[in-house]
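The sequence shown begins at -15 in my numbering and counts up one residue at a time. Glycine included, C-beta positions come from ideal geometry on N, C-alpha and C. Small disclaimer: the values here were computed from a predicted structure and weren't measured. Worksheet: the structure to be examined is printed underneath.
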Amino acid sequence: NQTGGMLEDEYLPILQKYVSGSQSRQDTGAYQSADEVAAVVMRVMAAENPPVRTRTSDWSEAFTKLKTELDPDGRKQQALVVEQIL
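Structure below.
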């Protein structure tokens, strides 16, 4: 049984499923090139008021929507920290 160097423990089936799913998404547009990510990073770095967090693709935006919908750029949380803690 080949595990690709992964430990044969209770996490192996979960990790194998994740890796398999990751490989099957390669042609779906879920992944980006280094140049595509770099373009997003450069745009954020050049922004006058950059977001605290940003997603680098439409896929990642959709994937994280449930978590980030109320504060997509993190500025609300940042303001709350400044107001209540700093």
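Please name the residue, chosen from the options, that lies closest to residue i on a Cα-to-Cα basis.
i	options	result
VAL36	LYS1, ASP42, THR52, TRP43	THR52
PHE47	TYR15, SER4, ILE(-2)	TYR15
VAL21	GLU67, GLN7, ASP42, VAL3	ASP42
Would you check if the distance between the CB atom of residue i and the CB atom of residue j is smaller than 8 Å?
i	j	result
THR40	ASP57	no
VAL28	PRO34	yes
Problem - Complete runs of the alpha helix (DSSP H) confined to the region 27 to 69 [at least 4 residues] - result: 42 to 47, 49 to 52, 59 to 68
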